[in-house]
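As given, the protein sequences belong to chains A and B, one line each in that order.
Residue numbering for the first sequence follows this note's numbering, starting at 466 and increasing by one per position.
Residue numbering for the second sequence follows this note's numbering, starting at 2 and increasing by one per position.
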Amino acid sequence: MKLLIGQILPYITVTLFTLGILYRLGRWAGARIIHNITLSPWLQTNGQVAVRIGSEAFLFRNLFRFDLALWAGAFLMHFALLNVLGGHIVGFGFLGEQFALIPGLGISPELSKEMSNLLGTTFGILLFLCLLYLLIRRLTLTKVKQVTKPSDNLWLIYLLVLVGVGDIMRLFEQSFGVEYQLVRDYIVALALFKPVVGMELLNNGFFLVHFLLVQILLIVFPFSKLMHLFGMFAERWIVNRVYKDPAPGLPNVDVAAARAAGIGLPSDAAEEGV
Amino acid sequence: MPEYKGMVQPVRATLEEMRKIHIEPVPDELKPEKAIEYLDQIRKKFRSFVMAMESCTKCGQCAENCHTYLGTRDPNNIPTNRAELIRKIYKRYFTLEGRWFGKLVGAEDISLDVIEQWYSYFYQCSQCRRCAHVCPFGIDTCEVTFIGRQLLHWLGITPKLHASVGAAMERVGNHTNLPKPGIVDTLEFMSEEIMDEFGVEVEFPVDKPDSDIMYIPSSADFLLNPYTLMGAGMFFTYIGANWTIPSTVTEAGNFGLLFDQYWTQRGNVMRLLNAAQELGIKKIVWGECGHGWRAAKMYIPSLADRPVRWPIVHIHDEIANMIRNKELKLDPSKNSKPVTLHDPCNYVRACGLNENMRTIIRAVTTDFREMTPHGMDNFCCGGGSAILFDDPEMYQRRILLSQKKAEQVRATGVGKNGDGILCAPCSICKAQLYPMVEEHELGVEVKGLVDLVGKALVWK
Ligand code: HEM
Ligand code: SF4
Ligand code: SF4
Ligand code: SF4
């Protein structure tokens, strides 16, 4: 069992995740942008397009403009998620000493570890709370209830469990935590196709569950609504692009001359005399 | 009665009417199977459709931003749920997710009932694109209803209104079945009216060879909105233009966009290009019609069967440009009643006319008041995409669909004394709002924008 989850499944996961995403992107690319359906007012330069798409993708501009309560939950959730994911990479990569590596700040490795811990815990808890908020929103607001399918709720519950288990490992580090060094060596070995070290990690039930849930998530990801990560950009690329109006100006029209000639005015004084 | 299992539906075109627009309806028992076949063909072409099918997160933001949901509170009128009517089928037949997880992700088998749902709810969508405008991803439910209506059309299900308009367009070149003699007569009559009311001589040249400008009016302007066409005639005369109206295309609209983008819409485009070539013109100027302007500006480039040699502009673009260049002498006091502007959705979200309409209205009126929200954030009049059905059930729907607009107009206060003006420079908006301002007792008169320009021109 541990052999399966710890040594075989990771390879299957990565393969399916990669191929799955390529499959979905290929599917989208196969259909074309037939008509120009860009939304007006038009963006005039590619710089403006980049700013618009960037502000939608990283600041959730439209949610901010039209539904602040949703924006708060969604933005904080994704922001925390981004930091948690980044934290996993950097934290394990540098064993929590990453901040000490920034030159000129004079941060000691110990301080860096503490900072890393604090940030990780904060974002972990924030992520959990935001997911909870989004779930409650789904279960209570009429309009959201009306658009929700079972899978929408299940995704939030799934992530809550995944994140919850991760948070427990952090909050009760003494009892349930894992040693960073071990994790790093384990991942490095996997990545280099070397004989795996650190399998004792998987004796920790919390780690085992966390790791398994992550892998299942990655396998299902390309076939699920989570693909909005890429869909976001694909869709925006259709509706937000540069468009330039044809130049105004009518052929052979000279308004001043027309007015001087009195075009349209009844031609004779006779009429005025009537 | 046009109702199916509790869903309102527009009256359908008959077999003969469908044949007139070149469709042989599919028998009921084959409809589900054929629907899947057609859907499979079309989904592989349009990325806008694929993305709408595959990247919604069901955040619900579009719900209260669609006037149809606001007016009816029918969950199927929430944009993402409207799209879901087809997405559930798409998922079931064309995605792994739907095949594996079925109901869990909302996938469903095709059936006649589903097709009837499509007919009801795709024809309550006014294709106003407010959902695309507010969606965090830009998902455009209008693209979904375009394709849904196309599928229905191929199956032989099309509203009587749309089918008869499509047939009229093919027969005489406009939606109202007005033949050339009728056109010429009406225009002569308008010349007289202008003389009586404004004291100026305006001619409406029809099919005049070697004209510089070809003006495409909305056919509704001949009968229902005469002041819009009179305003355009006065404008072209005022600036001394060498212009003409082609008798073969007296229609700014193109219903093909709304129910059949393959045959009907394309046919109308060819007709227009033929007219332009025959008359030897240099520039095409479009009249007041929201969906028609979108069809012309944004779809002719991708639908034309030959290089398009004529720039196509909207009359508002040209008027606004001349106002900015101070070429027109205008007297705003000729329009001194309180005015508010209803932004036709197609103008502001699909054609970029936002600023130009305002440049004009500020120059020709004295008491202009903006609605909230306005411009690109506006709400539809509720009649968009020509869901102007007059049968008793659908008429009740129209009242509900225009509720949001009514609230907006009321909030501006322009109709408080019963003498306000609601400027709605789109033929469909006008056709929807003429009765709706009465139903909602708004105390306003509906007018086009060129109408107001015509009134404000100072000739001497
Ligand atoms: C650039 C990347 C991304 C963007 C722009 C983005 C954007 C959005 C937006 C606008 C929503 C709708 C608001 C909401 O319902 O909360 C949403 C929902 C969601 N996103 Fe993302 N997302 C991104 C990446 C991700 C990733 C990598 C995940 C991975 C797990 C994810 C998970 C979710 C979930 C679970 C929801 C649904 C929340 C709910 O049900 O209310 N997102 N995303
Ligand atoms: S706003 Fe967009 S993502 Fe949200 S439910 Fe509507 S269509 Fe889906
Ligand atoms: S296009 Fe307009 S009417 Fe149709 S679903 Fe979107 S917001 Fe509603
Ligand atoms: S009818 Fe007018 S308001 Fe309504 S969709 Fe067309 S342009 Fe929009």
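Note that beta-carbon positions come from the ideal geometry of N, C-alpha and C, so glycine has one too.
Remember, it's a predicted structure, so these values are computed and weren't measured experimentally.
May I ask you to report which of helix, strand or coil DSSP gives residue i?
i, result
"residue 702 of chain A", "helix"
"residue 13 of chain B", "strand"
"residue 587 of chain A", "helix"
"residue 101 of chain B", "helix"
"residue 708 of chain A", "coil"
"residue 302 of chain B", "helix"
"residue 172 of chain B", "helix"
"residue 245 of chain B", "strand"
"residue 83 of chain B", "helix"
"residue 313 of chain B", "strand"
"residue 437 of chain B", "helix"
"residue 5 of chain B", "strand"
"residue 736 of chain A", "Only weak support exists for where residue 736 of chain A lies, its pLDDT of 49 falling under 50; the coordinates are left without a value."
"residue 207 of chain B", "strand"
"residue 331 of chain B", "strand"
"residue 657 of chain A", "coil"
"residue 592 of chain A", "helix"
"residue 458 of chain B", "strand"
"residue 508 of chain A", "strand"
"residue 400 of chain B", "helix"
"residue 140 of chain B", "coil"
Over what stretch of residues does the beta strand (DSSP E) that includes residue i continue unbroken?
i, result
"residue 216 of chain B", "214-217"
"residue 341 of chain B", "339-342"
Leaving out five residues before and five after residue i in sequence, what residues of the same chain have Cβ atoms less than 6 Å from its Cβ?
i, result
"residue 57 of chain B", "81, 140"
"residue 472 of chain A", "661"
"residue 155 of chain B", "39"
"residue 64 of chain B", "70, 79"
"residue 84 of chain B", "53, 142, 145"
"residue 681 of chain A", "none"
"residue 255 of chain B", "266, 269, 293, 296"
"residue 1 of chain B", "Here chain B covers residues 2 to 461 and nothing more, so residue 1 of chain B does not appear."
What does a CB cutoff of less than 7 Å around residue i pick up in its chain, not counting 5 residues either side in sequence?
i, result
"residue 111 of chain B", "33, 36, 37, 90"
"residue 380 of chain B", "68, 131, 405, 406, 409"
"residue 282 of chain B", "212, 213, 214, 215, 311"
"residue 442 of chain B", "none"
"residue 632 of chain A", "589, 590, 593"
Where DSSP assigns a beta bridge to residue i, which residues make up the other side?
i, result
"residue 421 of chain B", "B:445"
"residue 160 of chain B", "B:13"
"residue 47 of chain B", "A:497"
Which first and last residues belong to the alpha helix (DSSP H) in which residue i is found?
i, result
"residue 285 of chain B", "Not the alpha helix (DSSP H): residue 285 of chain B falls in the beta strand (DSSP E), residues 284-287."
"residue 369 of chain B", "No alpha helix (DSSP H) contains residue 369 of chain B, which is instead part of the beta strand (DSSP E) from 368-370."
"residue 185 of chain B", "181-199"
"residue 626 of chain A", "615-636"
"residue 251 of chain B", "Segment: none, residue 251 of chain B is in no alpha helix (DSSP H) and carries neither H nor E."
"residue 484 of chain A", "474-495"
"residue 377 of chain B", "From DSSP, residue 377 of chain B is part of no alpha helix (DSSP H); its letter is neither H nor E."
"residue 531 of chain A", "526-531"
"residue 132 of chain B", "131-135"
"residue 121 of chain B", "113-123"
"residue 275 of chain B", "264-280"
Which same chain residues end up closer than 8 Å to residue i when comparing Cβ atoms and leaving out the 5 residues on each side of it in sequence?
i, result
"residue 194 of chain B", "227, 231"
"residue 679 of chain A", "627"
"residue 314 of chain B", "284, 285, 286, 287"
"residue 48 of chain B", "none"
"residue 618 of chain A", "600, 603, 604"
"residue 738 of chain A", "At residue 738 of chain A, the pLDDT of 40 sits below 50, so the modelled position is not reliable; the number obtained from the coordinates is stated separately. So the list is empty, once near-sequence residues are dropped."
"residue 735 of chain A", "Its pLDDT being 40, under 50, residue 735 of chain A is placed unreliably in this model, and the value from its coordinates should be taken loosely. For residue 735 of chain A, where only same-chain residues beyond five positions count, there are no Cβ hits under 8 Å."
Say the cut is 7 Å; is the CB of residue i nearer than that to a heavy atom of ligand 6?
i, result
"residue 140 of chain B", "Summarising the ligand content, the structure contains ligand 1, ligand 2, ligand 3 and ligand 4 and does not contain ligand 6."
Examine the Cβ distances between the stretch 122-132 of chain B and the stretch 385-398 of chain B and report whether three or more of them are shorter than 8 Å.
Three or more beta-carbon pairs separated by less than 8 Å link the stretch 122-132 of chain B to the stretch 385-398 of chain B, which places the two stretches in contact.
Could you check whether the stretch 262-269 of chain B touches the stretch 4-12 of chain B, counting it as contact only if at least three pairs of C-beta atoms, one from each stretch, sit closer than 8 Å?
Because the criterion of three Cβ pairs below 8 Å is not met, the stretch 262-269 of chain B and the stretch 4-12 of chain B do not touch.
Using 8 Å as the Cβ pair cut-off and three pairs as the minimum, do the stretch 436-445 of chain B and the stretch 232-250 of chain B touch?
Not touching, per the Cβ criterion.
Check whether the stretch 352-366 of chain B and the stretch 446-454 of chain B are in contact - that is, three or more C-beta pairs closer than 8 Å.
Verdict: yes, contact present.
May I ask you to verify whether the stretch 520-540 of chain A touches the stretch 594-605 of chain A, counting CB pairs closer than 8 Å and requiring at least 3?
Yes, since at least three Cβ pairs between the stretch 520-540 of chain A and the stretch 594-605 of chain A fall closer than 8 Å, the two stretches touch.
Count the C-beta pairs between the stretch 414-426 of chain B and the stretch 336-347 of chain B that are closer than 8 Å, then say yes if the count reaches three, no if not.
Yes: at least three Cβ pairs fall under 8 Å.
contact_flag[the stretch 551-558 of chain A, the stretch 575-588 of chain A] where n(CB pairs < 8 Å) is 3 or more:
By the C-beta criterion, the stretch 551-558 of chain A is judged to be in contact with the stretch 575-588 of chain A, since at least 3 inter-stretch pairs fall below 8 Å.
Determine contact between the stretch 725-733 of chain A and the stretch 518-526 of chain A, defined as no fewer than three beta-carbon pairs at a distance below 8 Å.
Short answer: they don't touch.
State whether the stretch 315-323 of chain B contacts the stretch 698-715 of chain A, with contact taken as three or more CB pairs (one from each stretch) at a distance under 8 Å.
Output reads yes: the stretch 698-715 of chain A touches the stretch 315-323 of chain B.
Is the stretch 196-211 of chain B touching the stretch 165-174 of chain B in the sense that three or more CB pairs, one from each, lie closer than 8 Å?
Because the criterion of three Cβ pairs below 8 Å is not met, the stretch 165-174 of chain B and the stretch 196-211 of chain B do not touch.
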